[in-house]
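Chain order of the listed sequences is V and A. Using numbering that gives the first Met the number 0, read the first sequence as starting at 0 and increasing by one per residue. Using numbering that gives the first Met the number 0, read the second sequence as starting at 0 and increasing by one per residue. All residues carry an ideal CB built from backbone N, CA and C; glycine is no exception. Right, one structure below, let's go through it.
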Amino acid sequence: MGKIHPNVDKYVVSRARALESILLEKGILAPDSVDRIVKQYESDTGPMYGARAVARAWVNPTYKQKLLTNSTAALAELGLKYEMLVVVENTAQVHNLVVCTLCSCYPWPVLGLPPTWYKSPPYRSRAVSEPRAVLKEFGLEISESCEVRVWDSSAEMRYMVLPIRPPGAEALPEDRLVKLITRDALIGVATVHAAQ
Amino acid sequence: MLKLPGASGPGNNGRIGAIDGIHDLGGMHGFGPVNREQDEPAFHAEWEAAARAMVRESLLQGLFNLDEFRHAIERMAPDKYLAATYYERWLQAVATLAVEKGAATPEELARRARYFEAHEGADAISLAKSTPRPSASADTGQVSVVRPATAPPKFKAGDPIVTRDVHPKRHTRLPRYARGKRGVVDRFRGVHVFPDTNAHGLGENPQPLYSVRFDASELWGESAEGRQAVYLDLWESYLEAAQGKAA
Numbered sequence: 000m001g002k003i004h005p006n007v008d009k010y011v012v013s014r015a016r017a018l019e020s021i022l023l024e025k026g027i028l029a030p031d032s033v034d035r036i037v038k039q040y041e042s043d044t045g046p047m048y049g050a051r052a053v054a055r056a057w058v059n060p061t062y063k064q065k066l067l068t069n070s071t072a073a074l075a076e077l078g079l080k081y082e083m084l085v086v087v088e089n090t091a092q093v094h095n096l097v098v099c100t101l102c103s104c105y106p107w108p109v110l111g112l113p114p115t116w117y118k119s120p121p122y123r124s125r126a127v128s129e130p131r132a133v134l135k136e137f138g139l140e141i142s143e144s145c146e147v148r149v150w151d152s153s154a155e156m157r158y159m160v161l162p163i164r165p166p167g168a169e170a171l172p173e174d175r176l177v178k179l180i181t182r183d184a185l186i187g188v189a190t191v192h193a194a195q
Numbered sequence: 000m001l002k003l004p005g006a007s008g009p010g011n012n013g014r015i016g017a018i019d020g021i022h023d024l025g026g027m028h029g030f031g032p033v034n035r036e037q038d039e040p041a042f043h044a045e046w047e048a049a050a051r052a053m054v055r056e057s058l059l060q061g062l063f064n065l066d067e068f069r070h071a072i073e074r075m076a077p078d079k080y081l082a083a084t085y086y087e088r089w090l091q092a093v094a095t096l097a098v099e100k101g102a103a104t105p106e107e108l109a110r111r112a113r114y115f116e117a118h119e120g121a122d123a124i125s126l127a128k129s130t131p132r133p134s135a136s137a138d139t140g141q142v143s144v145v146r147p148a149t150a151p152p153k154f155k156a157g158d159p160i161v162t163r164d165v166h167p168k169r170h171t172r173l174p175r176y177a178r179g180k181r182g183v184v185d186r187f188r189g190v191h192v193f194p195d196t197n198a199h200g201l202g203e204n205p206q207p208l209y210s211v212r213f214d215a216s217e218l219w220g221e222s223a224e225g226r227q228a229v230y231l232d233l234w235e236s237y238l239e240a241a242q243g244k245a246a
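See below:
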């Protein structure tokens, strides 16, 4: 349900341009607004802030504590100003999963743009009511002894998961750990693996 | 198919309320498995980036606020909402609000759309009579919703609560699956702008916001999976004190 691939037919394109031209005239849009968005999400590569924060938390217990209790200060150390992030920690007893059932709220300053599946009706409808079944579709079986906590982003707080540091990666330095950390692990639909 | 105002009748069918809208998807059945796209690009088409830019700049420039934007999406007719892609909904909402806020008329939107349909390669700027802003905001696009506290919060961590069982015809952020349910306050999250009024031009009316924990069995009864909890961020007026220990 809901199209996976967006409409690129003339009808939608022409209406988008019509709106754009009006908002340019009203001083809402600037001539470089669209290019700036494209550049921000397509060309400003480099690791996600989320991955950098998690890798640092794994090697530095003081930073980890800060990330979990005062994410604003922890992210500021990485050069990001973001005040609404709550970081939730996965342990052997708790697995966390992030969703927005009402729209598609997502911590894009730390994770980039959300994947289409995150914004789709199947994920939004099922993540709160059958998270274990959803996680199984992602290839993740959560043991019965582990509590699954679903964070439904109903206000402006945004959520990011602090995954478990993978066994076998104990000796890796921070910059190598960053490369192991995927967007999916920070949403809670994957775990982090040492060999990737 | 996306219908902008003026294209052929209002895209929201004149609906003014959300009335337990289709957007409130939590716990619904029938949508099938989660389909994932491999190596998904940031944008699938240039107009998606344009839609994102239009929303971001409209929020920063104050053409509309985030709650009005969400409510404009929620006013889409249920069949149109489900048939539309994510960015089609964004485009629809910007069109609805541009008209309601007086930035555009349905006729002008339709006239320009016809022009761009006939002139496929033409840039948006080719029809703009002027461009008053020379360049985009360098800002990260975050608009703060946290406000100073004016009174102490009514609840504290550990307090049992029950959510109000209400079905407002206007915008709300209390999902249907969590109405009339018992939970426990996990923590106080500060004082936040109240979407239920801010979406309707009725003011920010900031209220204490709480992270509230609900046991899955309270939400889904016998159908709940084992060992699961849902955490929601809920405004104080959604909550009432409950007696005894929460389920």
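Decide if L23/V is buried, meaning its Cβ has at least 16 other Cβ atoms within 10 Å, or exposed.
Here residue 23/V refers to the residue found at position 24 of the first sequence. Burial check for L23/V: the Cβ neighbour count within 10 Å reaches 16 or more, so the residue is buried.
Considering only residues of the same chain and omitting the five flanking positions on each side of K178/V, which have a CB-CB separation below 6 Å?
Residue numbering aside, residue 178/V sits at position 179 when the first sequence is read from its first letter. So no residue of the chain qualifies.
For T61/V, count neighbouring C-beta atoms within 10 Å of its own C-beta (all shown protein chains included) and say buried if the count is 16 or more, exposed if not.
The residue labelled residue 61/V in the question sits at position 62 within the first sequence. Its Cβ having fewer than 16 others within 10 Å, T61/V is exposed.
How many angstroms separate the CA atom of A198/A from the CA atom of V58/V?
By 1-based counting over the second sequence, the position of residue 198/A is 199. By 1-based counting over the first sequence, the position of residue 58/V is 59. One alpha carbon belongs to A198/A, the other to V58/V, and they sit about 43 Å apart.
Uninterrupted alpha helix (DSSP H) stretches inside the segment 104 to 179 of chain V (no shorter than 4 residues)
Entirely contained in the segment 104 to 179 of chain V, the alpha helix (DSSP H) runs reaching 4 residues are, in chain order, 107 to 110, 120 to 125, 130 to 136 and 173 to 179.
So the candidates are E76/V, N89/V and K65/V; which of them puts its Cα closest to the Cα of Y48/V?
Along the first sequence, one-based indexing puts residue 48/V at 49. Looking at the Cα atoms, E76/V is the closest of the given residues.
Determine, using beta carbons only, whether V147/V comes closer than 7 Å to chain A.
The count along the first sequence starts at 1 and reaches residue 147/V at position 148. Yes, V147/V lies at the interface with chain A (some Cβ there is under 7 Å from its Cβ).
Residues of the segment 9 to 29 of chain V whose Cβ lies closer than 9 Å to any Cβ of chain A, in chain order
Those residues of the segment 9 to 29 of chain V placed with their C-beta closer than 9 Å to a C-beta in chain A are K9, Y10, V11, V12, S13, R14, A15, R16, A17, L18, E19, S20, I21, L22, L23, E24, K25, G26, I27, L28 and A29, ordered along the chain.
By how many angstroms is the C-alpha of D31/V removed from the C-alpha of A48/A?
Numbered from its first residue, the second sequence carries residue 48/A at position 49. Numbered from its first residue, the first sequence carries residue 31/V at position 32. When the Cα atoms are used, A48/A and D31/V turn out to be separated by approximately 12 Å.
Which value, in whole angstroms, describes the spacing of the CA atoms of A52/V and A94/A?
To locate residue 52/V, count along the first sequence from 1; it is residue 53. To locate residue 94/A, count along the second sequence from 1; it is residue 95. So the two alpha carbons sit approximately 38 Å from each other.
With 16 other Cβ atoms within 10 Å as the buried cut-off, status of Q227/A
Residue 227/A sits at position 228 when you count from the first residue of the second sequence. Taking all protein chains in view, the Cβ of Q227/A is crowded by 16 or more other Cβ atoms within 10 Å, so the residue is classified as buried.
CB R178/A to CB I36/V, shorter than 7 Å?
Taking the first residue of the second sequence as 1, we reach residue 178/A at position 179. Taking the first residue of the first sequence as 1, we reach residue 36/V at position 37. Not in contact: R178/A and I36/V (Cβ atoms no closer than 7 Å).
Which value, in whole angstroms, describes the spacing of the CA atoms of E221/A and P120/V?
One-based indexing of the second sequence puts residue 221/A at position 222. One-based indexing of the first sequence puts residue 120/V at position 121. Each residue's CA atom was taken as its position, placing E221/A and P120/V some 23 Å apart.
Please report how far the alpha carbon of A246/A lies from the alpha carbon of A240/A, in whole angstroms.
Within the second sequence, numbered from 1, the residue matching residue 246/A stands at position 247. Within the second sequence, numbered from 1, the residue matching residue 240/A stands at position 241. Here the model assigns A246/A a pLDDT of 48, short of 50, so the residue's position is not dependable, and the following value carries that caveat. Going by the C-alpha atoms only, they are around 14 Å apart.
Quick one: give me the first and last residue of the beta strand (DSSP E) that D195/A is part of.
Here residue 195/A corresponds to residue number 196 of the second sequence, with the count starting at 1. From DSSP, D195/A is part of no beta strand (DSSP E) but of the alpha helix (DSSP H) over P194 to N197.
With C-beta atoms as the reference, is F187/A less than 7 Å away from P152/A?
If you number the second sequence from 1, residue 187/A lands on position 188. If you number the second sequence from 1, residue 152/A lands on position 153. Against a cut-off of 7 Å, the Cβ pair of P152/A and F187/A comes out as a contact.
Give, in chain order, every residue of the segment 27 to 49 of chain A whose Cβ lies closer than 9 Å to some Cβ of chain V.
Within the segment 27 to 49 of chain A, the residues whose Cβ lies closer than 9 Å to some Cβ of chain V are M27, H28, G29, F30, G31, P32, V33, N34, R35, E36, E39, P40, A41, F42, H43, A44, E45, W46, E47, A48 and A49, listed in chain order.
Cα-Cα separation, R148/V to K118/V
In the first sequence, residue 148/V corresponds to position 149, counting from 1. In the first sequence, residue 118/V corresponds to position 119, counting from 1. About 19 Å.
Nearest by alpha-carbon distance to S125/A: which of Y114/A, L233/A, H170/A and G31/A is it?
Looking up residue 125/A in the second sequence gives position 126. Distances from the alpha-carbon of S125/A to those of Y114/A, L233/A, H170/A and G31/A put Y114/A closest.
Are the C-beta of V54/A and some C-beta of chain V separated by less than 7 Å?
Counting from 1 along the second sequence, the entry for residue 54/A is found at position 55. Interface flag for V54/A against chain V is unset, since no Cβ pair is found closer than 7 Å.
With DSSP run on the structure shown, which of helix, strand or coil describes I160/A?
Working through the second sequence from its first residue, we reach residue 160/A at position 161. I160/A falls in the strand class under three-state DSSP.
In whole angstroms, what separates the C-alpha of L134/V from that of I21/V?
Stepping through the first sequence from its first residue, residue 134/V is reached at position 135. Stepping through the first sequence from its first residue, residue 21/V is reached at position 22. Each residue's alpha carbon lies about 44 Å from the other.
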